[in-house]
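A.B. asks: Following numbering that gives the first Met the number 0, the numbering of the sequence shown begins with 0 at its first residue and continues without gaps. Glycine included, each C-beta is placed from N, C-alpha and C at the ideal position. All values reported here derive from a predicted model rather than from experimental measurement. I have a structure here, written as C-alpha cells, and I will follow up with some questions on it.
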Amino acid sequence: MHNQTPQKNGRATALMIGALGVVYGDIGTSPLYAIRECFHGPHAIPVTPEHVLGVLSLVFWSLVIVISIKYVGVVMRADNQGEGGILALMALIVDPDVRRQGARGHLQWSLLMMGLFGAALLYGDGMITPAISVLSAIEGLEVATPVFSRFVVPITALILIGLFRLQSSGTGRVGRLFGPITLLWMFALAAWGLVSIIGTPDVLRALNPAHAIAFCSENGLRSLMTLGVVFLVVTGGEALYADMGHFGVSPIRRAWFVVVLPSLVLNYFGQGAFLLRSPGHAVNPFFHMLPEWALIPMVVLATAATIIASQAVITGAFSLTWQGIQLGYLPRFKVHHTSEEEIGHVYIPAVNSALLVATLALVVGFRNSSALAAAYGVAVTTTMVITTVLLFVVMRRLWKWHIVPALLVACIFLTVDLAFFGANVIKIPDGGWFPLVIAAGVMTIMTTWRAGRQLLEERVRERRVSFEELKQRAAQVTRVPGTGIFLERDPLDVPPTVMRIQRHLNVMFERVIVLSIHTERVPAVPAKERLTVEQLEGNMYRVVARYGFNEMPHVPRLLRRCAEHGLQIDPSEVTYVMSRETLLATPREGMALWRERLFSFMARNSGLASDAFRIPAKHVLEIGAEIEL
C-alpha cells in the first residue's frame, strides 16, 4: 500500500501535466490579446484606473463563474461514459429517430438541431483559434523591433502550414511535450504577472466584484462592447469539456485550480498593474510589461504555447468529425487511425486541408489579431448557451433534480451566457459573421446527410424481400464455394445485394453471413456486448456488431471473435459484398430537390465502407444499383 501511493500520485501528476497541454492550450493563450483588446481594440475604452479595475474584476469573476463553477464544477458532471463535448452531451438526451409528433417529438427535434448547430459552430472556432493565437504571439516581435512588422503575416502563415502538415504523423508522441511546455508557459505567465503586481499592489482591489458592477453601470452600452472582449478570457471552456475524456475529471479540475487559474489571474492582474503605471502602452501590455532581455524568449515560448493551443483545436475538429461520421450526421471521409492503442486518435486529410485553407485565408484577410478578435467569440458564446440548455435537460431527465434547483442553476448560467452572447452579437458585422456562415454550411451538410440516409433506406426498403422468400429462392440457385459477407444496416432485412446476385447470376455463396454494424450513442460498448450471432437456417447467419461513437470498427478482427459464438470464419477466405448506389434526384416526395442533389453529391464522394471498417480491398465485391430518391 505504501509503495502504491507514490506511484498513484505520480500518475495523477502526469495526467494533470498532460491535461495542461491538451485541455488548457486555448484558454492559456488568451492573456496574449484579451486585455489589449479591451483598451486598444475597435471597441477600446480609455485607460483610467476605474476602467482598469472594472475590466480586471470582470475578467476575474468571468473565470470564476463560467469556468470554475459552470464547466469545472457542474458541466463536467454531465459525461457520457467519461466523454464530454456537445455531441456526447446531446447523445445522452436526444433520440434522433423519435417520431416528430406531439410535444415530446418536437422537443427532441429542437434539442437535436441545437446540439448539431453547437457542434457545427466549433468548426468555425477551429479555424479562428490557430489564426488569432499564432498571430498574437508573432506580433510580439513588433514590440522588440518595428522591423518585424511586415514579416508578421508571412511568419504566421509559415508556422501554420508547418503545423497542419505535421498532423498526418499523429499527435501521440508530440503530445508528451505539450504538458511540460504549457506548464513552463503557465509559470512564466504567473512570474511576470506577480513581478508587475508587486510594483502596483493596488490592482488587487479588482478582486472586489463591486468594481465590475460599477464599471457596467457607469458605461452603459460601452460596457456591453467591453464584455464582448472580456469573453476572450473564457473561450476555452467548451474545449475543456470536449477533451475531458482524454484525462478524466479529476486531473482536469486539479490542473485548473492548482496551475491554470492562479497563473491566468496573476498575469491578467499584472497587465492591469502595468497599465496603471504606463497607460500609454495599451497597444500590447503583455509584451510591453516584460524587460527587454525577456522579449525574444517570451515570443518563442508564446509561439510554442499558441501552436499547442492550435493543435488541441485541430485535434478536436478531427474527433468531432469522427463522432459525426459514427453517429450518422456526416458522410464518410478518408480517416487515418494514428494510434492502435488510443481510441479517438485520428487524422482526417479533408478536414485538415479545409482548416488550413480557411485559417490562412483568415490570417491574410484580417492581417492582425485585433481584427480577428471581432470574429472570435460569436461561435463559442452560442455553443455555451446551447450547452446550458442541454444541461438543464440532463439535470431534469438524468440527474432527477427538482424543477426549482434545476431552473435556478440553469438561469444563473444562462444569464451570464446570454450577457456574453449579446455582447458578441455586436461583433457580427466586424467579422463575427464568419463562424456563423461556416456553422450554417456544416449544419446544412449534417441535416441533409442524416435526412438523405433515412430517405435512401426507405427507397431501398421498397425493393426488399423477406428472409422467408430468400430461403425459397436459395433452393433454386447454384451454390458456389466460399463465405459471402453482406453488410446491411438493418439486420432484420435481406441485403439488396443478395437478391441482385441471385437475379443476375443465379448463384449464391455456400455460406451467407448478414453483418450489421451499429453505432450506439455511447462512447464505447463493453466487449461482452459487442457481438451477437444467430443462425437463421442451414448455412445462413446473422451477425450484429455494436460499437460506441468513439470506437474504430475492425471487421476482420470482429470475424475472428465469431468463433466464441460457434461460428468459425477465416477472414482471409471470405468475400465482402457491398452495395455502391448511384443516386438520382427526383421530384418525388422526400427532400427538396436541391438537398437531394447535395446528398447525391456527398454520397458519390464519400469514403468507402471498406476503408471505414478496415476491410481488405482485395476481398471486396461491389454490386452497383441505381436508386431514385
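1) Taking the alpha carbon of G315 as the point to measure from, which residue in V299, L226, L86 has its own alpha carbon closest?
2) Under a three-way DSSP split, which group does L62 fall into?
3) Determine the closest residue to Y122 out of F365, F508, Y375, L455, with distance taken between C-alpha atoms.
4) Note down, in chain order, each residue of its chain lying with its Cβ closer than 8 angstroms to the Cβ of I324, except the 5 sequence neighbours on either side.
5) By the DSSP assignment, the beta strand (DSSP E) with P480 in it spans what residues?
6) For T305, which residues in the same chain have their Cβ closer than 6 angstroms to its Cβ, ignoring the five residues on either side in sequence?
7) Mapping the DSSP letters down to three states, classify F332 as helix, strand or coil.
8) Can the beta-carbon of V22 be found closer than 8 angstroms to that of L239?
9) Taking 6 angstroms as the limit between beta carbons, can you name the residues of its chain near N283, skipping five residues before and five after?
10) Rounded to the nearest angstrom, what separates F412 and V384 at their Cα positions?
11) Using 8 angstroms as the threshold, is the C-beta distance between V479 and V506 below it?
12) Would you kindly work out how many angstroms separate the C-alpha atoms of F485 and L557, rounded to a whole number?
13) For R98, count the other beta carbons within 10 Å of its own beta carbon; 16 or more makes it buried, fewer makes it exposed. Which is it?
14) Under a Cβ-count criterion, where at least 16 other Cβ atoms within 10 Å of its own Cβ denotes burial, should P129 be classed as buried or exposed?
15) How many angstroms separate the CA atom of T482 from the CA atom of A90?
16) Relative to the C-alpha of L57, which candidate in G606, G219, C215, W184 has its C-alpha closest?
17) I'd like to know if the segment 525-534 and the segment 542-549 are in contact, where contact means that at least 3 CB-CB pairs between them fall below 8 angstroms.
18) Rounding to the nearest angstrom, what Cα-Cα distance links A370 and F598 in this structure?
19) Between which two residues does the beta strand (DSSP E) containing E627 stretch?
20) Would you mind stating whether V232 and S61 have Cβ atoms separated by less than 8 angstroms?
21) Can you tell me whether V511 is helix, strand or coil according to DSSP?
22) Where L592 and T12 are concerned, what is the direct C-alpha to C-alpha distance, given to the nearest angstrom?
23) Exposed or buried, what is T320 when buried is set at 16 or more other beta-carbons lying within 10 Å of its beta-carbon?
24) How about V363 and V151: do their beta carbons lie closer than 8 angstroms?
25) L203 to M297, Cα distance in whole Å?
26) Within 10 Å of its beta-carbon, does T181 have 16 or more other beta-carbons around it, so buried, or fewer, so exposed?
27) Under a Cβ-count criterion, where at least 16 other Cβ atoms within 10 Å of its own Cβ denotes burial, should F256 be classed as buried or exposed?
28) Please report how far the alpha carbon of P348 lies from the alpha carbon of Q166, in whole angstroms.
29) Where DSSP assigns a beta bridge to N351, which residues make up the other side?
30) Take N538 and list the residues in its own chain whose beta-carbon comes closer than 8 angstroms to its own, dropping the five residues that flank it on each side.
31) When you compare only the Cα positions, how much space is there between V65 and T234?
32) Could you check how far apart the C-beta atoms of Q270 and F285 are, in whole angstroms? I think they sit under 8 angstroms.
33) Can you grab the Cα-Cα spacing for the pair P555 / N604, in whole Å?
34) Using 10 angstroms around the beta-carbon of W448, count the other beta-carbons present and answer buried if the total reaches 16, otherwise exposed.
35) Taking buried to mean at least 16 other C-beta atoms within 10 Å of its own C-beta, is A209 buried or exposed?
36) Quick one: what's got a C-beta closer than 6 angstroms to A308's C-beta in the same chain, skipping five residues either side?
C.D. replies: In short, the structure shows the following:
1) Scanning V299, L226, L86 for the CA closest to the CA of G315 turns up L86.
2) In the displayed model, L62 falls within a helix according to three-state DSSP.
3) Residue Y375 is the option with its Cα nearest to Y122.
4) If the five residues before and after I324 are omitted, its C-beta is found closer than 8 angstroms to the C-beta atoms of P330, R331, F332, V334, A611, all from its own chain and listed in chain order.
5) Where P480 is concerned, the enclosing beta strand (DSSP E) stretches over 477-486.
6) Contacts found: T28, S132, V133, A136.
7) Coil, per DSSP.
8) Against a cut-off of 8 angstroms, the Cβ pair of L239 and V22 comes out as a contact.
9) Excluding positions up to five away in sequence, the list reads R35, V142.
10) Those two C-alpha atoms are separated by around 8 angstroms.
11) Against a cut-off of 8 angstroms, the Cβ pair of V506 and V479 comes out as a contact.
12) If you draw a straight line from the Cα of F485 to the Cα of L557, it comes to about 14 angstroms.
13) Any reading at R98 must be qualified, since the residue scores a pLDDT of 43, below 50, and its modelled position is unreliable; the value itself is stated next. Under this definition R98 is an exposed residue.
14) P129 counts as buried, since no fewer than 16 other beta carbons sit within 10 angstroms of its beta carbon.
15) Whole-angstrom Cα-Cα distance: 36 angstroms.
16) Of the residues G606, G219, C215, W184, the one whose Cα lies closest to the Cα of L57 is C215.
17) By the Cβ test, the segment 525-534 is in contact with the segment 542-549, since at least three Cβ pairs between them sit closer than 8 angstroms.
18) If you take the alpha carbons of A370 and F598, they lie about 36 angstroms apart.
19) Membership of E627 in the beta strand (DSSP E) is indicated by the continuous run 619-627.
20) The Cβ atoms of V232 and S61 sit closer than 8 angstroms to each other.
21) DSSP places V511 in strand when its eight states are reduced to three.
22) Take the alpha-carbon of L592 and the one of T12: they are about 56 angstroms apart.
23) Answer is buried; the Cβ neighbour count reaches 16.
24) In terms of Cβ geometry, V363 and V151 do not form a close pair [threshold 8 angstroms].
25) When rounded, the distance between both Cα atoms is 25 angstroms.
26) Buried: at least 16 other Cβ atoms inside 10 Å.
27) When all chains shown are included, F256 counts as exposed.
28) In a straight line, the C-alpha of P348 is about 9 angstroms away from that of Q166.
29) None; N351 has no bridge partner.
30) Closer than 8 angstroms at Cβ, skipping near neighbours: E509, R510, V511.
31) The alpha-carbon atoms of V65 and T234 are separated by roughly 10 angstroms.
32) About 6 angstroms; that satisfies the 8 angstroms criterion.
33) Approximately 25 angstroms, taken between the alpha carbons.
34) It is buried - the Cβ of W448 has at least 16 other Cβ atoms within 10 Å.
35) It is exposed - the Cβ of A209 has fewer than 16 other Cβ atoms within 10 Å.
36) Once the five neighbours on either side are set aside, the close Cβ partners of A308 are G24, D25, T28, S132.
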